[in-house]
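What follows is one structure encoded as structure tokens, with my remarks underneath.
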Ligand SMILES: Cc1cc2nc3c(=O)[nH]c(=O)nc-3n(C[C@H](O)[C@H](O)[C@H](O)COP(=O)(O)OP(=O)(O)OC[C@H]3O[C@@H](n4cnc5c(N)ncnc54)[C@H](O)[C@@H]3O)c2cc1C
Ligand SMILES: Cc1cc2nc3c(=O)[nH]c(=O)nc-3n(C[C@H](O)[C@H](O)[C@H](O)COP(=O)(O)OP(=O)(O)OC[C@H]3O[C@@H](n4cnc5c(N)ncnc54)[C@H](O)[C@@H]3O)c2cc1C
Ligand SMILES: Cc1cc2nc3c(=O)[nH]c(=O)nc-3n(C[C@H](O)[C@H](O)[C@H](O)COP(=O)(O)O)c2cc1C
Ligand SMILES: Cc1cc2nc3c(=O)[nH]c(=O)nc-3n(C[C@H](O)[C@H](O)[C@H](O)COP(=O)(O)O)c2cc1C
Ligand code: FES
Ligand code: FES
């Protein structure tokens, strides 16, 4: 049996498969349909200090091979999370990563500080990349200085695994990757959703209440892979690859491109046990191909020597 | 019968449907399968001063709802175009827009100057956004200063319709839109392809010889619409909407989002008469909905008054 | 709720553009209640990407039936007949109509495909010993389904069956002309209809349960994609898929 | 070349995982030549997005046949049997084998599904009065198709039919043992096989035409997606779909 464990900063995951923030509730919501003990970890819905209502309906539109969402970080707030959700999560044998969203640097710090005082949280993922809120979100995530600043401030507050979740909606994601790596982040989660929109041409109205939303699912996998590849070439810290991962083959593409671990997002909506199947699939793949350690796959893309990769985006 | 004509700078198109650069050869390549006289215009394959071989195989990969290409601007060069292709194009009753790609500002100017001396070209589209070449392409298209500079230089060389074709692979496309509008471009073509990649996980090799390529097709339509909407809010010059347009409904979405005209790209590969069907479909739609002028549809998106659009990307 | 692969037994058109699909799903059939829904993957690939939600129309031993209109790709695929492969289904989902409560006469109001949950609801109400009045609204007579329903009155937009006008207007007239003993309204249909009905129920002081629709990504409460504004409670929105689809008409802002 | 909708008459498995699909396409059938291909939209939607290219296997009056392996989604859909809707097909595409030239004996070499163009080629060569030798390579005996072919020798990787080894090795032996009068090689198959064959032809001084494959977006010369490196001419690449698929073995760099 291959060793599937991977390390991100101080955090050891039993396998490189996590569920992505916002796509699996708070982690324990669908016990009938999934067994989270078989995956590497759970990333919670983004938590803010106060509960957030989120955006008005409609929040969801299907597109070709993908979907747009404009949830707007609807969440119960960190206090209720600690009170009502965390106790249940502690019972799972998997890493619990709290995702934090905020509209100010202080709010990030305050939420993290609150969580840091709790048992049972193994790491943090900092969402500086939500396209669906007016404050924070992309206004932070598209500014390399603020992104680095948030990293620096949070790094001081925790020795636990600190992941910065970046947006693909920037010219050079490598610039952001270098920034957060320089400030001591343990890893980079890539990608959050891609800004997109859809129109009901009969009514001439946007299909999402907020006009634009975030595109996810198989449609964005090629974009996500390119961003992961770019970031992995730019920094030494682990990348957690996200975007359109539906099956084991997709997960392998991300590992080969340079991701140390991966997250399954939209696929959970279609099959709540998709991540579990992928974790099992990675094991089978390694066994079938005599790969003793899954981490030996990371960054093994073979690029033809006679071809100089077009890296104008780097 | 509705009036389908639209104006872009000095150029009047009989209808707002064009075929996109690189997706319809030089314009007259498939007479058996299409009738270009029924569409608003043809945008040629990107032309450079010297012929370009383009990238090694493989150049094409299909993805979920889309495709990646890495053609690398393979083209016969402007001289052969003038000699062997332009005479045929002159016979068509449709606008001929020469797309120009170059690896230096001088080359853009030189190619345009050569074409300007010819009969039968109605406008230019300047490709500063190809993701698949090492020089020019994205290194220009992601730099607002160079993009504006190219516009300024070319504007001096022609009174004809000058379109700048921008890349979506930037943080704020509106910044680029304002730049080229300020330098006198007549219109903005949006979007070129989105950087993406795909991996053969069995061989652990990239599926494209150049590793990354450009994503096109229905998968990117939501992204393209959002970029068009962003640019249309930022500038007054016409936008030509491009990206995943497969049918009349898609074209309508772009017009409603703010595009004055649209281009059909990847759809040509699947149905070489897709653009003709869309042009006819727009006519039927206008007639059925009592729209006297197709241009009355442009920018008619109704946004709910009680909702402030999330514009963190603007 | 469970996820399973279930064989499609048959698909047939039962009225103008309305298809009935029968699914062999014993595990769901034994648990489902009126007002609950199934979330169906119409095809094993990324187009359509998401599952499609459908109310349970009827239970038939080990089989469950749904009815639907062909409106887009997902329903087109379902209508094209049983495929060789079984369908991937999650269900039963959502809460259910409150059939057991403190009322005597049940007023079922359905608009268009909102008839979908009514047969199961009728059966449950009958078991609970309630008197049933059913009001069905449709565009025209060809789109009326009445099977498994009781005491049906019909309104059509074009008057081609029953009275001309909306089903809410029809109900308003009936309520004016008759007197019911401790009635309760149960409804499913397009949002404008539900809005009008909730207003009528409020006026008339009749309790009223509405089954709502919303675009859904997951159908199981993990995406926050299906909000409906609620008047009570500390949160602005409830989730249609998890907190509903059935809501007290007084509680929601439509 | 033309685009049309053509009815699928039948789909059946003719050898291990090899399917034969018959298409009622009179307009293409009357024009097609050996070595040309069809570009088929396997399903009317965006997944699969692109058309799928297939060599014409045989002509049967107004019908055209193709054969294929199930390798991915497009071929899976085609193999699932005739659908109600006709298929959207563009064809005939590409150039054709040069069957009319200055040679007496035709040596047909096919690897795997590279047998696809051989029946039509055989028929054309027979009409041109050529003597034909056919060499077929396959993984194993169950994947050998010989219908409509002449004078067949077989090589399989596992020796389960014909000689064990590659078809190029088999041909090499035959060429060593026999002498042909003004032969010409025609081949289709995997690139490594074609590469080895081109080398053998070169050695032996036999003219050789190869039908190549490439990923294709359009199949009609408008995307520049299907380059093959060529040794002659001013351009580095030719287009497989438009300048081929048949190339002189001496001309291409594989
Ligand atoms: C809880 C619930 C129960 C439902 N029960 C029934 C039923 O019993 N019979 C029936 O005919 N229809 C029912 N619907 C509506 C049904 O789900 C849609 O008609 C169906 O999803 C359309 O799918 P499509 O692919 O054919 O259409 P498309 O228009 O191609 O679908 C595109 C997207 O829009 C969504 N969508 C489209 N119409 C609706 C709608 N009315 N409500 C919510 N989302 C929609 C789809 O789910 C999909 O994500 C129900 C909806 C919900 C939420
Ligand atoms: C000119 C030409 C003639 C062909 N003739 C035949 C034939 O007669 N019989 C046959 O079985 N196959 C033939 N092929 C290969 C056939 O086109 C592929 O097997 C088919 O496209 C696979 O589609 P899929 O959706 O099942 O597979 P997928 O792997 O899902 O296809 C994904 C993408 O890869 C491309 N692709 C996959 N395999 C190939 C391949 N071998 N060559 C080129 N592109 C490929 C597809 O077109 C598609 O764009 C031919 C290919 C070409 C270029
Ligand atoms: C409905 C929905 C809600 C999401 N909510 C969050 C969130 O709260 N915080 C966050 O960091 N990312 C959120 N995401 C982004 C996902 O975690 C993930 O980065 C993205 O969807 C791409 O992965 P996928 O294509 O596998 O879905 C959300 C995505 C979706 C589709
Ligand atoms: C195969 C291919 C070749 C292309 N070549 C060019 C090109 O030479 N110049 C250019 O400006 N854009 C080129 N494009 C980009 C298209 O013109 C268009 O902007 C893009 O494909 C998005 O539209 P679509 O989704 O409709 O294809 C090419 C696109 C494809 C798919
Ligand atoms: S549809 Fe996902 S929470 Fe309701
Ligand atoms: S496949 Fe498009 S040019 Fe050959």
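Chains as they are written, first to last, in the working numbering: chain A, 37 to 350; chain B, 37 to 350; chain C, 205 to 458; chain D, 205 to 458. Glycine residues also receive a C-beta, built at the ideal position from the N, C-alpha and C atoms. As the structure is a prediction and not an experimental result, all values here were calculated from the model.
Between the options, which has its C-alpha nearest residue i's C-alpha?
{"i": "residue 203(C)", "options": "234(C), 443(C), 290(C), 445(C)", "result": "Within the shown structure, residues of chain C are numbered from 205 to 458, placing residue 203(C) beyond reach of any answer."}
{"i": "residue 186(A)", "options": "102(A), 142(A), 237(A)", "result": "142(A)"}
{"i": "residue 94(A)", "options": "454(C), 456(C), 447(C), 432(C)", "result": "432(C)"}
{"i": "residue 258(A)", "options": "240(A), 281(A), 206(A)", "result": "281(A)"}
{"i": "residue 39(B)", "options": "232(B), 318(B), 137(B)", "result": "318(B)"}
{"i": "residue 111(A)", "options": "136(A), 102(A), 206(A), 245(A)", "result": "136(A)"}
{"i": "residue 68(B)", "options": "250(B), 309(B), 121(B)", "result": "309(B)"}
{"i": "residue 297(D)", "options": "455(D), 454(D), 449(D), 458(D)", "result": "449(D)"}
{"i": "residue 113(B)", "options": "333(B), 151(B), 97(B)", "result": "151(B)"}
{"i": "residue 262(D)", "options": "430(D), 328(D), 338(D), 221(D)", "result": "328(D)"}
{"i": "residue 277(B)", "options": "285(B), 283(B), 260(B), 284(B)", "result": "260(B)"}
To the nearest angstrom, report how far apart residue i and residue j are at their CA atoms.
{"i": "residue 405(D)", "j": "residue 375(D)", "result": "10 Å"}
{"i": "residue 188(A)", "j": "residue 53(B)", "result": "50 Å"}
{"i": "residue 452(D)", "j": "residue 412(D)", "result": "6 Å"}
{"i": "residue 119(A)", "j": "residue 271(A)", "result": "37 Å"}
{"i": "residue 439(C)", "j": "residue 268(A)", "result": "41 Å"}
{"i": "residue 436(D)", "j": "residue 169(A)", "result": "59 Å"}
{"i": "residue 84(A)", "j": "residue 58(A)", "result": "13 Å"}
{"i": "residue 45(B)", "j": "residue 75(B)", "result": "18 Å"}
{"i": "residue 424(D)", "j": "residue 445(D)", "result": "6 Å"}
{"i": "residue 335(C)", "j": "residue 326(C)", "result": "10 Å"}
{"i": "residue 215(D)", "j": "residue 292(D)", "result": "16 Å"}
{"i": "residue 316(B)", "j": "residue 331(B)", "result": "15 Å"}
{"i": "residue 382(D)", "j": "residue 266(D)", "result": "40 Å"}
{"i": "residue 188(C)", "j": "residue 442(C)", "result": "Absent from the model: residue 188(C). The displayed extent of chain C is 205 to 458, so no value can be given."}
{"i": "residue 218(C)", "j": "residue 266(B)", "result": "47 Å"}
{"i": "residue 286(D)", "j": "residue 286(B)", "result": "30 Å"}
{"i": "residue 213(B)", "j": "residue 224(B)", "result": "7 Å"}
Please determine whether the Cβ atom of residue i lies at a distance below 6 Å from any heavy atom of ligand 5.
{"i": "residue 38(B)", "result": "no"}
{"i": "residue 63(A)", "result": "no"}
{"i": "residue 445(C)", "result": "yes"}
Am I right that residue i and residue j are in contact with their C-beta atoms under 8 Å? What's the rounded C-beta distance?
{"i": "residue 370(C)", "j": "residue 341(C)", "result": "6 Å"}
{"i": "residue 312(D)", "j": "residue 322(D)", "result": "5 Å"}
{"i": "residue 255(D)", "j": "residue 245(D)", "result": "5 Å"}
{"i": "residue 90(A)", "j": "residue 253(A)", "result": "Actually they are not in contact, since the Cβ atoms of residue 90(A) and residue 253(A) sit about 20 Å apart, beyond 8 Å."}
{"i": "residue 345(C)", "j": "residue 393(C)", "result": "That belief does not hold up - the Cβ atoms of residue 345(C) and residue 393(C) are roughly 17 Å apart, past 8 Å."}
Any heavy atom of ligand 3 closer than 6 Å to the CB of residue i?
{"i": "residue 56(A)", "result": "yes"}
{"i": "residue 105(A)", "result": "yes"}
{"i": "residue 395(C)", "result": "no"}
Is residue i near ligand 4, going by C-beta to nearest heavy atom under 6 Å?
{"i": "residue 177(B)", "result": "no"}
{"i": "residue 453(D)", "result": "no"}
{"i": "residue 135(B)", "result": "yes"}
Report whether the distance from the Cβ of residue i to the nearest heavy atom of ligand 2 is below 6 Å.
{"i": "residue 320(D)", "result": "yes"}
{"i": "residue 187(D)", "result": "Any answer about residue 187(D) is impossible in this case: the structure gives chain D only from 205 up to 458."}
{"i": "residue 272(D)", "result": "yes"}
{"i": "residue 390(D)", "result": "no"}
Does the distance between the C-beta of residue i and the nearest non-hydrogen atom of ligand 1 fall short of 6 Å?
{"i": "residue 419(C)", "result": "yes"}
Within the present structure, is the beta-carbon of residue i separated from the nearest heavy atom of ligand 6 by less than 6 Å?
{"i": "residue 427(D)", "result": "yes"}
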